[in-house]
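Engineer: Would you mind keeping the following structure in view while I ask a few things?
This is the structure we're talking about:
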């Protein structure tokens, strides 16, 4: 029998559920994942929210969420970025990946639900963030909600078909 969920774990669960809700707002695409992201201050205040293709067809969720936050906001130094999908480490639509965008901020902690499958690119965003000293929490127990908004990308020949085992890094 498991003990009670730690307060931080309960908050992470709640915010990751919010990212899954945001991912369902994404305009559909056959060439990109539908992702939601939220930047949350240590006191629980939402600093920014975003989802893929929100303002521009090339937008990634983390990019849209961070764009809504004043880069000089001192609360970023204690904030957590939540994403339904692992922050990308490479992309063709913009010069900077989402993991690079996070690293350009003082945000010390990133929590995501679903490790990015190799449908479009090989991703090592979590490893890059960890190597730079950021705390990275992967919650595969919540990945199903993130995959739901992307089911159309996970069917058919060559599709990854769902969960991948966590990478060690």
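Numbering (the UniProt record's numbering), first residue to last: 1 to 169. All residues carry an ideal CB built from backbone N, CA and C; glycine is no exception.
May I have the straight-line CA-CA distance separating residue 47 from residue 79, to the nearest angstrom?
Structural biologist: Looking at the two C-alpha atoms, the distance is approximately 9 Å.
Engineer: Between residue 101 and residue 39, is the Cβ-Cβ spacing less than 8 Å?
Structural biologist: Against a cut-off of 8 Å, the Cβ pair of residue 39 and residue 101 comes out as no contact.
Engineer: Quickly, what does DSSP pair residue 85 with across the bridge? List them, please.
Structural biologist: Answer by DSSP bridge pairing, in chain order: 114.
Engineer: Apart from the five residues on each side of it in sequence, which residues of its chain come closer than 6 Å, Cβ to Cβ, to residue 124?
Structural biologist: Cβ neighbours of residue 124 beyond the five flanking positions: 89.
Engineer: I'd like the ranges of any alpha helix (DSSP H) spanning at least 4 consecutive residues and lying wholly in the region 25-92.
Structural biologist: For the region 25-92, whole alpha helix (DSSP H) runs of length 4 or above, ordered along the chain, are 61-67.
Engineer: Determine the burial state of residue 10: buried for a count of at least 16 other Cβ atoms within 10 Å of its Cβ, exposed for fewer.
Structural biologist: Exposed: under 16 other Cβ atoms inside 10 Å.
Engineer: Here's the rule: buried if 16 or more other CB atoms are within 10 angstroms of the residue's CB, otherwise exposed. What is residue 152?
Structural biologist: Exposed.
Engineer: Could you tell me if residue 58 is buried or exposed, where buried requires 16 or more neighbouring beta carbons within 10 angstroms of its beta carbon?
Structural biologist: By the 10 Å Cβ count, residue 58 comes out exposed.
Engineer: For residue 128, which residues from the same chain have a beta carbon less than 6 Å from its beta carbon, with the 5 sequence-adjacent residues on both sides left out?
Structural biologist: Answer for residue 128: 89, 99, listed in chain order.
Engineer: Alpha carbon to alpha carbon, how far is residue 107 from residue 135? Give it in angstroms, no decimals.
Structural biologist: Residue 135 and residue 107: Cα-Cα distance of roughly 9 Å.
Engineer: Check each candidate in 35, 74, 73 and name the one with the smallest Cα separation from residue 61.
Structural biologist: Comparing Cα-Cα distances from residue 61 to each of 35, 74, 73, the minimum goes to 35.
Engineer: Smallest Cα separation from residue 189: which of 53, 137, 65?
Structural biologist: It is not possible to answer for residue 189, since the shown part of the chain is limited to 1 through 169.
Engineer: Nearest-angstrom Cα distance between residue 115 and residue 143?
Structural biologist: Near 8 Å, if we compare the C-alpha coordinates of residue 143 and residue 115.
Engineer: Does the beta carbon of residue 27 sit closer than 8 Å to a beta carbon anywhere in chain B?
Structural biologist: This model lacks chain B altogether; it includes just one protein chain.
Engineer: What residue from 131, 86, 69 has the CA that sits closest to residue 170's CA?
Structural biologist: Summary: the structure shown does not reach residue 170, with the chain confined to residues 1 through 169, and so no result is reported for it.
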